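Here's the structure we're looking at; comments come further down.
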Amino acid sequence: MPINPDACPGPCNHRARQAWNTYDTAQTQHTADMAAWLDIPGDDRPARPAPPQPPTTPVTPGAPVWDHRCARVIREALAELDDTAAILAASIDGHRGAAMAGPNGVKPVDHKTIVESLDELFGDLVEVEDQWRQARGYRPRPRRARGAHARAACVSWLLDQLDDLLLHPGSVEFGLSVLRWQRRLRAMAKVDPASRRSPIACPRCRERQVSRREDGYFECVCGRLLTQGEHDREYARQADEHEQQEARAS
Ligand SMILES: [Zn+2]
Ligand SMILES: [Zn+2]
397 MPINPDACPG PCNHRARQAW NTYDTAQTQH TADMAAWLDI PGDDRPARPA PPQPPTTPVT
457 PGAPVWDHRC ARVIREALAE LDDTAAILAA SIDGHRGAAM AGPNGVKPVD HKTIVESLDE
517 LFGDLVEVED QWRQARGYRP RPRRARGAHA RAACVSWLLD QLDDLLLHPG SVEFGLSVLR
577 WQRRLRAMAK VDPASRRSPI ACPRCRERQV SRREDGYFEC VCGRLLTQGE HDREYARQAD
637 EHEQQEARAS
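Numbering follows the numbering used here, in which position 189 of the sequence shown is assigned residue number 585; successive positions increment by one, without gaps.
Now the structure itself:
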């Protein structure tokens, strides 16, 4: 017997799914034990094998697909994907030609892996955007050059649509893939969720050493402070600049 088909497919039911898997295995074993037991002639039979007890782990139902907590987890993960991807892309730009040395002697991730992964991520995201546009009868996705801009635009479009999207039964694969991508990019960027590293180059010293402080300001190691608004404008400007450079290069 599988877990309730109305159960949320998200991380909230991780323990319940494990418990039901264990129960399934125990049931298969019990069937085999019973067959062996029945083969033993009457009086020699030991005590009849006891059947396994179904799990009592609580199961969170989906509403109707995901429960509210998992829907929020997916929303945060999707928003984070773009940030982490930008950090990874910036780490390549910042160290072109050299292996990316992570902080604290973390094993370097080679550029090819990052470029290919970001490409694959973009492909996954636009596939969902295209499918959802078609399902909803929206206009097709505007043609944009592949790059940071196109990825950010796709993520923000999906975030806009996410509440409705996650009500659709077809969103199970999408939601789980967002969570898988979050783990994969985090592993590549070795992103500490507590660290608030920004992908932008400092407008004063040009170093990529800008982080968000507790009070919401962004600060570079050189001491330059930026408000959230200034930071976001700088981010957009640098993304444009980067895109134009790419366009000229190709
Ligand atoms: Zn859930
Ligand atoms: Zn600086």
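Think of the CB as a built atom: it goes at the ideal place given N, C-alpha and C, for glycine as much as any other residue.
Everything numeric in this text was worked out from a predicted model, so none of it was measured.
Applying the 10 Å Cβ sphere with the 16-neighbour rule, what's the burial state of Asp636? The residue is exposed, with fewer than 16 neighbouring Cβ atoms inside 10 Å.
Give the DSSP bridge partners of Ala618, in chain order. Going by the sequence as given, residue 618 is Cys instead of Ala. Answer by DSSP bridge pairing: none, since Cys618 is not bridged.
For Val606, does the three-state DSSP call read helix, strand or coil? Assignment of Val606 by DSSP, reduced to helix, strand and coil, places it in the strand class.
Can you tell me whether Ser552 is buried or exposed, with buried defined as 16 or more other CB within 10 angstroms of its CB? Exposed, because fewer than 16 other Cβ atoms sit within 10 Å of the Cβ of Ser552.
Taking the alpha helix (DSSP H) that Ser573 falls in, what are its first and last residues? Annotation: the continuous alpha helix (DSSP H) that includes Ser573 extends over 567-585.
Quick check: the Cα distance between Cys408 and Asp479, rounded to an integer number of angstroms? In a straight line, the C-alpha of Cys408 is about 25 Å away from that of Asp479.
Does the beta carbon of Gly406 fall short of 7 Å from some heavy atom of ligand 1? Correct: Gly406 has its Cβ closer than 7 Å to ligand 1.
With the cut-off set at 8 Å, would you say Leu563 and Ile470 are in Cβ contact? No. Outside cutoff.
Should Pro341 go down as buried or exposed, given a rule of 16 or more other Cβ atoms within 10 Å for buried? In the structure displayed, the chain extends from 397 to 646; residue 341 sits before or after that span and is not available.
Using a Cβ-based criterion (distance less than 7 Å to any ligand heavy atom), does Arg402 qualify as near ligand 1? Residue 402 is actually Asp in this sequence, not Arg. For Asp402, the distance from the CB to the nearest heavy atom of ligand 1 is not below 7 Å.
Report yes if the C-beta of Asn409 is less than 7 Å from at least one heavy atom of ligand 1; otherwise report no. Asn409 Cβ: within cutoff of ligand 1.
Considering Cys550, what are the terminal residues of the alpha helix (DSSP H) in which it resides? Element bounds for Cys550: 544-561.
Using only the heavy atoms of ligand 2, determine whether one of them is closer than 7 Å to the beta carbon of Val511. Answer for Val511: no, Cβ out of range of ligand 2.
Output needed for Leu514: all residues of its chain with C-beta closer than 7 Å, excluding positions within five of it in sequence on either side, in chain order. The residues are Ala481, Leu484, Ala485.
Please return the same chain residues whose Cβ sits closer than 6 Å to the Cβ of Pro589, not counting the five positions on each side in sequence. Per-residue confidence for Pro589 stands at a pLDDT of 48, beneath the threshold of 50, marking its modelled position as unreliable; no derived number is given.
Exposed or buried, which one is Arg579 when buried takes at least 16 other CB atoms within 10 Å? Arg579 is exposed by the Cβ-count criterion.
Under a three-way DSSP split, which group does Ala403 fall into? Ala403: strand per DSSP, three-state reduction.
Starting from the N-terminal end, write out each residue whose C-beta falls within a distance shorter than 6 Å of any non-hydrogen atom of ligand 2. That query returns the following residues: Cys598, Arg600, Cys601, Glu603, Cys616, Cys618, Arg620.
Which of helix, strand or coil does DSSP assign to Ala494? Unreliable positioning characterises Ala494 in this predicted model, as indicated by a pLDDT of 40, which lies under 50. The coordinate reading is nonetheless provided below. Correct three-state label for Ala494: coil.
So His410 is in the alpha helix (DSSP H); what residue range does that whole segment cover? DSSP places His410 inside the alpha helix (DSSP H), whose first and last residues are 410-435.
Checking 8 Å against the spacing of the C-beta atoms, do Cys404 and Thr453 come in under that value? Not closer than 8 Å, so no.
Give me the Cα-Cα distance between Trp462 and Ser573, rounded to the nearest whole angstrom. Spanning the two alpha carbons is a distance of roughly 14 Å.
Have a look at Pro595, Gln624, Arg620, Arg468 and flag the residue whose alpha-carbon is nearest the alpha-carbon of Gly647. This structure leaves residue 647 out entirely; the chain is present only between 397 and 646.
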